[in-house]
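Visitor:
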């Protein structure tokens, strides 16, 4: 006769095995949501519908995956800052166009919107390893353009996009001038127990006290908490305090970790901001916060200032 303790042990082992099988088989489908329920994978609208000046851009990641992006310019000849925008998880870049339209109007910036692999019109299937390559391909493309000021490239990531953007910024201190993070999680391991509570008994990151028995199975950890402390560029943290997806303390933890190593960190919260609408309910305060950050860290260099700097570099006289 099997003892009571033996039955409990067998039951626990069975649960662990079931969770392991779930993680191995479906974790990418749990982490990445390229298509919103009830909608198709294709774009429902393009920048042309919003009368935005844009171009379709096709890229190849370093592993050969074909990627699609939109490059939207405030004006055809604009030399303002360029924002490399990484979207939140669910849906595609078309669902972010209204926010981007307002961003361009308020900040007078260009915006490059990348479709991660498996999202929108991009080929392939999403994974951390692959999306990291996609982000690098987008930045490399921007860095080689001659119609923008490549000294004023800012990475802006929301939620999953914040994890993507933080890693890209850390890896490219010579190409990215500043970083903006909005409603971003500390790691997928920390977030797992929030979205699927039963997982908190098996998976955990820096911000939890979970047993972490199955962390080794997580293929897309996106451990932003381990990245932000290594970023040297200025960082702006935008946190919606009503975020129903990512607990706001995740953003506070990210800021604390970054600020311990980087003096150019700013944290701003928005009391009514939820996960997807902080940009909307934040109103004028939201956009002025970003504008002031850009003015400080990626300022416009006037033509006479450029000539003055050139004289200094040449050793010319100046008064």
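In the numbering used here, the protein residues as written are 1401 to 1719.
Even for Gly, the Cβ is constructed at its ideal location relative to N, Cα and C.
Can you have a look at residue 1458 and say buried or exposed, based on whether 16 or more other CB atoms are within 10 angstroms of its CB?
Guide: As a position in the chain shown, residue 1458 is number 58, starting the count at 1. The residue is exposed, with fewer than 16 neighbouring Cβ atoms inside 10 Å.
Visitor: Go through its chain and collect everything with a Cβ distance to residue 1691's Cβ below 8 angstroms, but skip five positions before and after it.
Guide: Position 291 of the chain shown, counted from the start, is the residue given in the question as residue 1691. Cβ within range, chain order: 1506 and 1507.
Visitor: By Cβ distance, which residues of its chain are closer than 7 angstroms to residue 1564, with the 5 residues on each side in sequence left out?
Guide: Position 164 of the chain shown holds residue 1564. Correct list, in chain order: 1486, 1531, 1535 and 1557.
Visitor: State buried or exposed for residue 1448, treating a residue as buried only when at least 16 other CB atoms are found within 10 Å of its CB.
Guide: Position 48 of the chain shown, counted from the first residue, corresponds to residue 1448. Exposed, since its Cβ has fewer than 16 Cβ neighbours within 10 Å.
Visitor: Under three-state DSSP, which class holds residue 1511?
Guide: What you label residue 1511 is simply residue 111 of the chain shown in a count that begins at 1. DSSP places residue 1511 in strand when its eight states are reduced to three.
Visitor: Just verifying my parser: in three-state terms, what is the DSSP assignment at residue 1688?
Guide: For the purposes of this step, residue 1688 is taken as the residue at position 288 of the chain shown. Three-state result, residue 1688: helix.
Visitor: Could you give the first and the last residue of the continuous alpha helix (DSSP H) run that contains residue 1533?
Guide: One-based indexing of the chain shown puts residue 1533 at position 133. From DSSP, the alpha helix (DSSP H) with residue 1533 extends over 1528 to 1544.
Visitor: Does DSSP put residue 1638 in a helix, a strand or coil?
Guide: Within the chain shown, residue 1638 is the residue found at index 238, counting from 1. Correct three-state label for residue 1638: strand.
Visitor: Give the C-beta separation of residue 1726 and residue 1670 to the nearest angstrom, bearing in mind that I take them to be a contact with Cβ-Cβ under 8 angstroms.
Guide: Look at the range of the chain in this structure, 1401 to 1719, and you will see that residue 1726 is not part of it.
Visitor: Quick check on residue 1625: does DSSP put it in helix, strand or coil?
Guide: Taking the chain shown and counting its residues from 1, the one referred to as residue 1625 is at position 225. Helix at residue 1625.
Visitor: With H, G and I counted as helix, E and B as strand and the rest as coil, what does DSSP make of residue 1663?
Guide: Your numbering for residue 1663 matches position 263 in the chain shown. The answer is coil: DSSP assigns residue 1663 none of H, G, I, E or B.
Visitor: Which value, in whole angstroms, describes the spacing of the CA atoms of residue 1605 and residue 1659?
Guide: Mapped onto the chain shown, residue 1605 falls at position 205. Mapped onto the chain shown, residue 1659 falls at position 259. Approximately 20 angstroms, taken between the alpha carbons.
Visitor: For residue 1686, count neighbouring Cβ atoms within 10 angstroms of its own Cβ and tell me buried if that reaches 16, exposed if not.
Guide: In the chain shown, residue 1686 corresponds to position 286, counting from 1. Under this definition residue 1686 is a buried residue.
Visitor: Near residue 1689, what residues of its chain come up, given a Cβ to Cβ distance below 6 angstroms and the 5 sequence neighbours on each side ignored?
Guide: As a first step, residue 1689 is located in the chain shown; it is residue number 289 there, counting from the start. Contacts found: 1668.
Visitor: Can you tell me the Cα-Cα spacing of residue 1623 and residue 1490, whole angstroms?
Guide: Here residue 1623 refers to the residue found at position 223 when the chain shown is read from its first residue. Here residue 1490 refers to the residue found at position 90 when the chain shown is read from its first residue. Each residue's Cα considered, the two are about 19 angstroms apart.
Visitor: Helix, strand or coil: which one does DSSP assign to residue 1473?
Guide: As a working mapping, residue 1473 is identified with position 73 in the chain shown. Here residue 1473 sits in strand by DSSP.
Visitor: Give the DSSP bridge partners of residue 1454, in chain order.
Guide: The residue labelled residue 1454 in the question sits at position 54 within the chain shown. DSSP, once it has assigned bridges, lists 1472 as partnering residue 1454.
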